[in-house]
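S.K.: Just so you know, the protein sequences line up as chains A and B, in that order. FYI, the numbering for the first sequence is 190 to 817, going by our numbering. FYI, the numbering for the second sequence is 169 to 537, going by our numbering. Where is the CB? At the ideal position from N, CA and C, for every residue including glycine. In this text the structure is predicted, and so the values were computed from the model without any measurement.
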Amino acid sequence: MNHRLRVADSAAFERQLGLAAFVIVLAFGIFLIRLFQLQIIQGDALRARSERNSIRTIRLAAPRGEILDREGRVLATTRPAFGLQVIPSELRRPDLVYAALGQLIEQDPAALRERSGEPRGARRFQPVRLASDLTWDHLARVESHRYALPGVLTDIQPRRHYLQGPLAAHALGTIGEIRKEQLETRRFARYRAGEVIGQSGMESVLESHLRGREGGLNVVVDAAGREIERLDEVEPEAGRTAVLTLDLDLQQEAYAAFESDASGEPRRVGALVALDPRDGEVLAWVSTPSYDPNDFAGGIDSATWKRLTQDERRPLQDRVIAGQYPPASTYKAIVAAAALQEGVIDPNERLYCPGSFRLGRRSYRCWKRGGHGDVDLREALVRSCDVYFYQVGLRLGVDRLAFFARGLGLGRRTGVELPGEQAGHVPTSAWKSRRFGEPWVLGETLSAAIGQGFNTATPLQLAVAFAAIANGGGLVTPRLVRNLHARDALSLPSGSVHRERVPVDAKHLARVREALVGVVQDTGGTGARARVTGVAVGGKTGTAQIVGLEQIEGLEDDEIPWKYRDHGWFVAFAPAEQPEIVVAVLVEHGGGGGAVAAPIAQRVLARYFEKRAPTIARAREAGSDAGR
Amino acid sequence: MLGVDRRAVQNFDWVLSGLTLALVAIGIGNLISAAHGSDEVLLSPEVRRQLASLGVGCLALLVTVSIDYRHLERFAILIYLATVALVASTLIFAPVTRGSQSWLVFGSLSVQPAEFAKIGLVLAMARFLHRNPPEEVRDLRALLVPFLIVAVPVLLIILQRDKGVALLTLLIGSTYLPFLYIPFRIWAATFAAGLAGLPALWFYALEPYQRGRILDFVDPSRDPLASGYQAIQSRIAVGAGGVTGSGYMEGTQTQLNFLPTRHTDFAFSVLAEEWGFLGGSLVLALFLALLLWGLYIARNSKDSFGAFIAVGVVGTLFWPAVINVAMVLGLAPVIGVPLPFLSYGGSALVVAMIGVGLLLNVSMRRYVF
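1) Hey, VAL776 of chain A and ALA761 of chain A: beta-carbon distance below 8 Å or not?
2) Taking the alpha-carbon positions, what's the PHE625 of chain A to ARG550 of chain A distance?
3) At what residue ranges does the stretch 334-399 of chain A contain a whole run of the beta strand (DSSP E), taking only runs of 3 or more?
4) Chain B beta carbons: is any one of them nearer than 8 Å to that of ALA210 of chain A?
5) Going by beta-carbon coordinates alone, are LEU472 of chain A and LEU352 of chain A separated by less than 8 Å?
6) Would you list the one or two residues that DSSP bridges to ILE256 of chain A?
7) Just to confirm before moving on: does the CB-CB distance between PHE655 of chain A and VAL721 of chain A stay below 8 Å?
8) Secondary structure at PRO614 of chain A, three-state DSSP: helix, strand or coil?
9) For ILE229 of chain A, go through chain B and note every residue whose CB falls closer than 8 Å to its CB, in chain order.
10) Would you call the stretch 396-405 of chain A and the stretch 248-255 of chain A touching, i.e. three or more CB-CB distances under 8 Å?
11) Assign SER397 of chain A to one of two classes, buried (16 or more other C-beta atoms within 10 Å of its C-beta) or exposed (fewer than that).
12) May I have the straight-line CA-CA distance separating GLY781 of chain A from THR732 of chain A, to the nearest angstrom?
13) Note down the Cα distance separating LEU542 of chain B from LEU345 of chain B, rounded to an integer number of angstroms.
14) Pull up the DSSP beta-bridge partners for ILE247 of chain A, would you.
15) Which residues in chain A sit within 7 Å of SER449 of chain B, going by Cβ to Cβ distance?
16) Could you check how far apart the C-beta atoms of VAL215 of chain B and ILE200 of chain B are, in whole angstroms? I think they sit under 8 Å.
17) Under 9 Å, CB to CB, which of the residues in the stretch 323-356 of chain B have a partner in chain A?
18) Taking ARG403 of chain B as the query, report the chain A residues whose CB atoms sit under 8 Å from its CB, ordered along the chain.
19) In three-state DSSP terms, what is HIS431 of chain B?
20) Quick one: what's got a C-beta closer than 6 Å to VAL479 of chain B's C-beta in the same chain, skipping five residues either side?
21) Contact between the stretch 503-517 of chain B and the stretch 365-375 of chain B is defined here as three or more beta-carbon pairs at a separation below 8 Å; is this criterion met?
22) Please say whether THR337 of chain B and VAL320 of chain B have beta carbons closer to each other than 8 Å?
23) Using a cut-off of 8 Å between C-beta atoms, extract the partners of VAL406 of chain B located in chain A.
24) For a test of the three-state rule: what should DSSP assign to VAL726 of chain A, helix, strand or coil?
25) Which residue comes first and which comes last in the alpha helix (DSSP H) that contains TRP487 of chain B?
26) Please list, in chain order, the chain B residues whose beta carbon lies closer than 7 Å to that of ALA216 of chain A.
27) Buried or exposed for GLN499 of chain A, please, with buried defined as at least 16 other CB atoms from any protein chain shown within 10 angstroms of its CB.
28) I'd like to check one pair, HIS431 of chain B with ALA202 of chain B: are the Cβ atoms closer than 8 Å?
29) Taking all protein chains shown into account, decide if TRP355 of chain B is buried (16 or more other Cβ within 10 angstroms of its Cβ) or exposed.
30) Are there 16 or more other CB atoms within 10 angstroms of the CB of GLY223 of chain B, so buried, or fewer, so exposed?
31) With DSSP as the reference, identify every bridge partner of THR732 of chain A, one or two as the case may be.
32) Taking 8 Å as the threshold (beta carbon to beta carbon), is ASN242 of chain A in contact with chain B?
33) In the DSSP output, which residue or residues are listed as bridge partners for PRO272 of chain A?
34) To the nearest angstrom, how far is the alpha carbon of TRP620 of chain A from that of ARG457 of chain A?
35) Quick one: Cα of GLY723 of chain A to Cα of THR343 of chain A, how far?
36) For ASP284 of chain A, name the three-state secondary structure that DSSP assigns.
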């Protein structure tokens, strides 16, 4: 055993232990005094407060930034909404309170009671929201009876308001409470459960700019929930304003054009996108049927949600980027450009169209049964001759055609800011054998050459492809954000406007452009209904078949069931000499593109040039030569 | 070696056991209220886990008591190295949680090695001081070994990015400073050097949020909704308790979720609100009695190894208690240090029980020779 030292015998050790004991006693003595000071000296006031009053932390939501159109007109803003809450633990006679509230705000007391539930434990101290958007009258009535209703709170919350309702719903998007799986992602690392965020459209894209910074305050309230004293306050910081490239006038015109025309036709289902071919700025963005984003602003009710999700016309889908349709005859413009670039056809070479084309044992029809006779490239585009393009398609082959289609932006996303974009499809022989294990057959090349078969494209993709034809070969990235600013006008660096050059020389594109002007301006052109007085317009129609022609043979247009009717396309650009606007229109099951889609494009173009009077004056001089 | 001597049983330390039992019981009772969720389950998952840890702690206490502490001297270095190795292993194996690598995870069990390092530290220091009876320090080289014993785990814990625990470990090590008989001029030099190093510490060693907490302590209204918020709410909760408290499970400040981390770092403010000055001062008195009793055990120890173990254990209980209570009462900045016996946390509870086991061990064998 080790008996080296009995420390306790050492006076020094005793002294140090004494010092330690002194430090310990001193520390706990200070604590005791502090406890006395907090609980007994200051405690009297605090305890009185805790029995009859309490301190509440109120979060002050930051007003979300506004969204404006390119001319500064408000598309989405934030307005005050009056809310009603109760704190279950502070309700003296719940039955009476709910009955009184029901009367004051003209709602069923039982429903209010059900909304608050019967919370137990700590939850009974938490406010429960009974209403979130009271009218001014209801608020005033509740306020004037507040003295008799302890535990009832009213508050003002900023609420998103879309001034134009469903007009630009798909571009603007919706807001909604953050979902659980979103909270777990890095992007929302600094968000709390229950916060409201942009869930779709620009609201989602610009979330970090529009959000602002939440503030808060601690207030002392009395038993009736009235504020007695403000302790600490941090002002919320409003979100930044975003200016979009959209033009409200064009947006309104486009939306109205889908609503109905003069003849009182029923509402059209489809999409329209207008953009500036020089820089890709989107001027109008419509998808119909639309929905009212205001319905989402305060949490959507289940009946509305059910109606929107169960509607077979799918109003929530943004057809501009998520609707994929056969491009049909609009594709001929791309086939023509590819054929010229590859030199497989001379623009003056005439091919004969007897009304059908025989390949192997099958006969492929032209849409015009009588045939177009001898046509050159220009006439084939103006009159949309299928047989001409069957032959051009065969000369190119499907894979060369696919190369140019991709080069003009089809079959891949355009890169627009909005989420949910689909890529469409451009078939190749390799794709087909991979996908189906079967070789490509020539008959499918014929379908591909007129934009049918496996081809699909979104309206935005066709707008971008035509923008490239219109601007001489630059593939633009469409964009909707013009600039973002807080109080100071801070514009974003615009960056490169052209993603890349298309693989077609400018001179070939000019020839295609010239033919497309003929589509609208020539007598007998398929796009004649898109003419705008004083402006030379170019464009291409398209009619996408849903079922084989045989099935609806002999039926009059209005006898064909709606869902078997053709999709109508029209993609236009103007003015022909120096295009400033491209409009792509798709009408689902609307019939021929020249008949239903061209007039819609026409209205938007007309509105655009009406606004730009000086341009029209110039165009009128040029227009007198170009056509009627 | 194992087994308990008859005389040891006769000298069982009823005071220490009673004090410990009272604190443990209060801790569990308070946790039931503090961790009481909005659902109607009386025993929340935290309480159940804490009870399981208490079981492990009691077992560890019994094992610690049954080994004569004088045999521990031989294993002191081994235990120290093992605990330090455990801390080092977190740097390789531990996942990063909330910015630090403090937890070793085995399935549903997670262990905080830094807690166990305290025990290793105490045993190693006690052995060193026992072998090298303290005398006037003439040569700084004599301080190299005790310095290393403390510095190695502290540095490893700093590498875990757990600066609160690193500070705590450093303070526990410093408990032995008065027993090293360091001359006054060295104290003065160290103090001057520390003062000079303070600005560097402020700008390089502290994270921005830690600087924020210290500034919030100086001026709580600086950011009343964020980091100053806890300090303010804690003070309000304590103050609202008054003389007799708002009653068990009835603390509005705490049940209303005003207080974040109320079952861990702010457990004492829950107690003070619900039990008032009477409850708060009772707990403080129990702690005071336990710590003084620990010093009493050191004084009566038959040998210096036992005495220095007792001093060390008092240190491991004193420092977290002082930092935590000072924080809760608004006397110190918000540092995430748990209050022994009261705060939720399994590793801390087990280590506190082992500490009590060591004290009991030394106390029971004071007449055994």
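M.R.: The structure says:
1) No, these two residues do not count as a Cβ contact at 8 Å.
2) Rounded to whole angstroms, the separation of the alpha carbons of ARG550 of chain A and PHE625 of chain A is 23 Å.
3) The stretch 334-399 of chain A is shown to contain whole beta strand (DSSP E) runs of 3 or more residues at 341-351, 364-366, 385-387, in chain order.
4) By this cut-off, ALA210 of chain A is an interface position.
5) Not closer than 8 Å, so no.
6) Beta bridge pairing from DSSP links ILE256 of chain A with A:ALA265, A:ALA431.
7) No, they are not a contact pair.
8) The residue you asked about is not Pro; residue 614 of chain A is His in the sequence shown. HIS614 of chain A: strand per DSSP, three-state reduction.
9) The contact set of ILE229 of chain A on chain B, defined by CB atoms closer than 8 Å, consists of GLY410, VAL411, PHE445 in chain order.
10) Contact between the stretch 396-405 of chain A and the stretch 248-255 of chain A is present: 3 or more CB-CB pairs across the two stretches fall below 8 Å.
11) Exposed, because fewer than 16 other Cβ atoms sit within 10 Å of the Cβ of SER397 of chain A.
12) Roughly 5 Å separates the two Cα atoms.
13) The shown model of chain B, from 169 to 537, leaves out residue 542 of chain B, and the question about it has no answer.
14) In the DSSP assignment, ILE247 of chain A is bridged to A:LEU406.
15) Those are LEU221, LEU224, listed as they occur along chain A.
16) Cβ atoms of VAL215 of chain B and ILE200 of chain B come within 8 Å of each other, at about 5 Å.
17) So the close ones are THR343, PRO346, PHE347, TYR349.
18) Per Cβ cutoff of 8 Å: LEU227.
19) In the structure shown, HIS431 of chain B sits in coil (DSSP, three-state: anything other than H, G, I, E or B).
20) Only ALA466 meet the Cβ criterion.
21) No contact exists between the stretch 503-517 of chain B and the stretch 365-375 of chain B.
22) No, the pair does not count as a contact, with Cβ atoms beyond the cut-off.
23) By Cβ distance, chain A contributes LEU224, LEU227, GLN228.
24) Coil, per DSSP.
25) Run containing TRP487 of chain B: 472-496, per the alpha helix (DSSP H) assignment.
26) Under the 7 Å cutoff, chain B gives VAL490.
27) When all chains shown are included, GLN499 of chain A counts as exposed.
28) Yes.
29) Exposed.
30) Under the 10 Å beta carbon count, GLY223 of chain B is surrounded by fewer than 16 other beta carbons and is classified as exposed.
31) In DSSP, THR732 of chain A forms a bridge with A:GLY757.
32) Model confidence at ASN242 of chain A stands at a pLDDT of 49, short of 50, so the residue's coordinates are unreliable and nothing is read from them.
33) Residue identity check: residue 272 of chain A is Gly in the sequence provided, not Pro. Answer by DSSP bridge pairing, in chain order: A:ASP344.
34) So the two alpha carbons sit approximately 35 Å from each other.
35) Approximately 59 Å, taken between the alpha carbons.
36) Shown here, ASP284 of chain A sits in a helix according to DSSP, grouped into three states.
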